[in-house]
Each structure stands twice: as structure tokens, then as C-alpha cells.
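**Q** Encoded as C-alpha cells, here's the structure I'll be asking about.
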Amino acid sequence: MKSTRLCLACGNAFAPLPHVPQQRYCSSKTCQRARRRDWQNNRLRIDSDYRDNQARAQARWRTGHSSYWREYRVAHPAYRERNRNMQRVRNTRRSFKPIAKMDVIRLPGPLSSGFYVLSHADDASVAKMNAWTVHIAVLSAPAAPPI
Ligand SMILES: [Zn+2]
Numbered sequence: 001m002k003s004t005r006l007c008l009a010c011g012n013a014f015a016p017l018p019h020v021p022q023q024r025y026c027s028s029k030t031c032q033r034a035r036r037r038d039w040q041n042n043r044l045r046i047d048s049d050y051r052d053n054q055a056r057a058q059a060r061w062r063t064g065h066s067s068y069w070r071e072y073r074v075a076h077p078a079y080r081e082r083n084r085n086m087q088r089v090r091n092t093r094r095s096f097k098p099i100a101k102m103d104v105i106r107l108p109g110p111l112s113s114g115f116y117v118l119s120h121a122d123d124a125s126v127a128k129m130n131a132w133t134v135h136i137a138v139l140s141a142p143a144a145p146p147i
């Protein structure tokens with residue numbers, strides 16, 4: 001009896017090819033593409049040589065195709081508009097004066113290691129919404145503030 005297993009990409013049952021006993025993705029084009037993408041993402045994460053190589057290859061490609069993205073943006077106005085909107089959001093976030101900074105000044109003493117509730121400064125007025133519990137380990141204390 002042939003054993004079947006579940007594809008990591010689509011979740012469907014499949015029988016591994018006889019010459020690929022460790023096969024984890026089914027043979028469909030989409031899942032094979034997912035397998036290569038997963039392999040590459042993992043490789044980029046764990047292999048700094050591979051990462052550097054990819055960065056150099058991409059930089060080389062960009063110098064040979066310097067007008068690619070300019071032309072792509074002209075040909076895809078929706079893409080261009082989406083990028084502009086996202087950049088506006090990033091710019092707004094960047095210029096936002098974080099409330100947390102003022103709280104740091106009001107701390108009774110230096111920050112100590114421990115568990116804290118962290119929330120985005122935009123949500124600070126709506127306390128406890130989208131908040132994370134984080135552990136902060138203090139590695140070095142800041143220098144004393146100038147008086
Ligand atoms: Zn599949």
C-alpha cells in the first residue's frame with residue numbers, strides 16, 4: 001500500500017514520488033512554486049552568504065534595468081497610488097510625537113527588567129486595545145539626564 005501525506009502548501013493528500021521519498025509538497029505547479037519560495041525564504045534567513053549574493057545579483061539587475069520600476073509605475077497607476085498612500089501613512093507615523101517618551105521622563109526610577117504592556121502610541125488613548133505583553137530585559141542603563 002502506498003502511503004500518502006498532506007501537502008505543506010495546499011493541505012491535500014498526495015503520494016510522494018518514488019524517487020522523492022521525502023517529498024513534502026504535492027506536484028501541482030502552485031505548490032512546487034510555494035516549495036521553492038519557502039526554500040528561498042528559509043535560505044535568506046539562515047545563510048548570510050546567500051543573502052549577500054542575492055543582494056548583489058539584485059543590485060546588478062537594477063543597474064541593468066534602471067527604468068524598470070519607473071515604467072512599471074507608469075503602466076500600473078493603482079500600484080503607484082497604493083504606494084503613495086502607504087508612504088503617507090509612514091510619514092504620518094514618523095512625525096508622530098510618541099506619548100511613551102513623556103511617560104519615560106515621568107518614571108520614578110530607571111526602567112527595570114520585567115513584563116510590560118506595550119501598545120502603539122496611536123492607540124494609547126484607547127488603553128489595552130491591541131496591546132502586547134512584552135518582557136524587557138535591561139542590558140544597560142541610560143546615562144543620567146543633564147540637569
Ligand atoms: Zn499541494
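Sequential numbering of the sequence shown, starting at 1, is according to the numbering used here.
Using N, Cα and C, we set each Cβ at its ideal position, and we do this for glycine too.
1) Check Y153 in the structure and name its three-state DSSP category.
2) If we count the other Cβ atoms within 10 Å of its Cβ and call it buried at 16 or more, is Y25 buried or exposed?
3) Is A9 near ligand 1 - that is, is its Cβ less than 7 angstroms away from at least one heavy atom of it?
4) From D38 to P110, what does the alpha carbon distance come to, in whole angstroms?
5) Between the alpha carbons of S27 and R84, how many angstroms are there, rounded?
6) Between the alpha carbons of G64 and C10, how many angstroms are there, rounded?
**A** In brief:
1) Within the shown structure, residues of the chain are numbered from 1 to 147, placing residue 153 beyond reach of any answer.
2) On the sequence shown, position 25 is the one that residue 25 refers to. Burial check for Y25: the Cβ neighbour count within 10 Å reaches 16 or more, so the residue is buried.
3) Counted from its first residue, the sequence shown places residue 9 at position 9. Distances between the C-beta of A9 and the heavy atoms of ligand 1 include at least one below 7 angstroms.
4) Taking the sequence shown and counting its residues from 1, the one referred to as residue 38 is at position 38. Taking the sequence shown and counting its residues from 1, the one referred to as residue 110 is at position 110. So the alpha carbons of these two residues sit roughly 43 angstroms apart.
5) Within the sequence shown, numbered from 1, the residue matching residue 27 stands at position 27. Within the sequence shown, numbered from 1, the residue matching residue 84 stands at position 84. Using only the alpha carbons, I get a separation of about 39 angstroms.
6) Position 64 of the sequence shown, counted from the start, is the residue given in the question as residue 64. Position 10 of the sequence shown, counted from the start, is the residue given in the question as residue 10. Between G64 and C10, the C-alpha separation is close to 37 angstroms.
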